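A quick write-up on the structure given underneath.
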Amino acid sequence: MTHKPIRKAIFPVAGLGTRFLPATKAVPKELLPVVDRPLIQYAVDEALEAGIEQMIFITGRGKGAIEDYFDIAFEAEATQRERGKDLSALEGTRLAPGHAIFIRQQEPLGLGHAIWCARDIVGDEPFAILLPDEFMRGGKDNGCMKQMVAAYQQVGGNMVCALEVPIEETPSYGVIDPGTRDGPLTQVRGLVEKPAPGTAPSNLILPGRYILQPEVMKILETQEKGAGGEIQLTDAMAAMIGAQPFHGLTFDGRRFDCGSKAGYIEANFALALEREELRDQIRAFAQAELARG
Ligand code: G1P
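For what it's worth, the working numbering labels the leading residue of the sequence shown as 1186, then goes sequentially.
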């Protein structure tokens, strides 16, 4: 059976980024760089790699720089060109005309509400969601979303990324109540947003990558507030279980929580070590620094 292709992705980028103040006072947190590319660029690259064409950004006040970022930088590009400089670093920073869509979430009512703001653009097709704070580094071959799209093409329905964490971290996340497992695929029997300590149904969390059927928008439309008084995407997804196939995919790769300072620093360190031109210097520095105690 063939399943409808995933052509659209939603990137919720309206969050205030208060954990990174004062850095985020004037710069959206999604534009903070990991080595030399902004966090949002990695998420867009991940979507492009998965064959997704249209990027829908849910923004808010003070996030205009993200829109500029995905535009053509005429002055900088012309100057670089005149100087005979290489422009390849800008690859992926401009999307095809009409393929970058910006919608403002006027009030911070929760992740579910942010996603619902894109309902008319998504229309009647399945779509992806990528939370850019969650930096997913795919294993040798493919990025996280590409792996998810491949799994979705097999089983259809709804597909969330599933990640094991220490059980005491579960109160910070959406958590899966797992059914049968088949290799990296786990059947999702239930979902709970930010369970109270000691009540999580498993240690399998939702690390911010989703492929969902458009029916979720109808559920979000009428949804009551959930955990933290916010309209929760997790609750709307939970309402679809049973009516549609629902799986979690344990992806091959690493995840960095770039919504936290430690995770952000770890991502910079790990990515620097991946880069040939930086590797030796950074490794030598880290070793010397650790030896200092
Ligand atoms: C959101 C989701 C949660 C998910 C998490 C991943 O929570 O509501 O289900 O596990 O992102 O980072 P937030 O971090 O916005 O509180």
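Glycine residues also receive a C-beta, built at the ideal position from the N, C-alpha and C atoms.
Values in this document were obtained by computation on a predicted structure and should not be read as measured data.
Short Cβ contact (8 Å threshold) for residue i with residue j
| i | j | result |
| --- | --- | --- |
| G1433 | A1313 | no |
| I1405 | P1363 | First, the residue type needs correcting, since residue 1405 is Leu and not Ile in the sequence shown. Going by C-beta atoms, L1405 is not nearer than 8 Å to P1363. |
| R1464 | L1458 | yes |
| F1259 | I1251 | no |
Local conformation of residue i per DSSP, three classes
| i | result |
| --- | --- |
| I1191 | coil |
| Y1358 | coil |
| F1287 | strand |
| I1257 | coil |
| C1346 | strand |
| V1219 | strand |
| L1397 | strand |
| R1439 | strand |
| T1365 | strand |
Extent of the continuous beta strand (DSSP E) run through residue i
| i | result |
| --- | --- |
| H1432 | F1431 to L1434 |
| V1377 | L1370 to E1378 |
| L1280 | Neither: L1280 is in no beta strand (DSSP E) and is coded neither H nor E. |
| T1244 | Q1239 to T1244 |
| L1315 | F1312 to L1315 |
Buried or exposed by the 16-neighbour rule on C-beta atoms within 10 Å, applied to residue i
| i | result |
| --- | --- |
| A1285 | buried |
| T1187 | exposed |
| G1414 | exposed |
| I1450 | exposed |
| P1218 | exposed |
| Q1339 | exposed |
| P1282 | exposed |
Contact test: residue i Cβ vs ligand 2 heavy atom, cutoff 7 Å
| i | result |
| --- | --- |
| G1393 | This structure simply doesn't include ligand 2; it includes ligand 1 instead. |
Presumed contact (8 Å Cβ cut-off) between residue i and residue j, rounded CB distance
| i | j | result |
| --- | --- | --- |
| I1416 | L1316 | With 8 Å as the limit, I1416 and L1316 do not qualify as a contact, their Cβ atoms being about 16 Å apart. |
| Q1429 | Q1408 | About 17 Å separates the two Cβ atoms, so there is no contact after all. |
| V1373 | F1431 | 4 Å |
Limits of the unbroken alpha helix (DSSP H) element including residue i
| i | result |
| --- | --- |
| R1127 | Residue 1127 lies beyond the stretch modelled for the chain, which goes from 1186 to 1478, so this question has no answer here. |
| G1448 | K1446 to E1459 |
| R1304 | R1304 to V1307 |
| G1297 | L1296 to W1301 |
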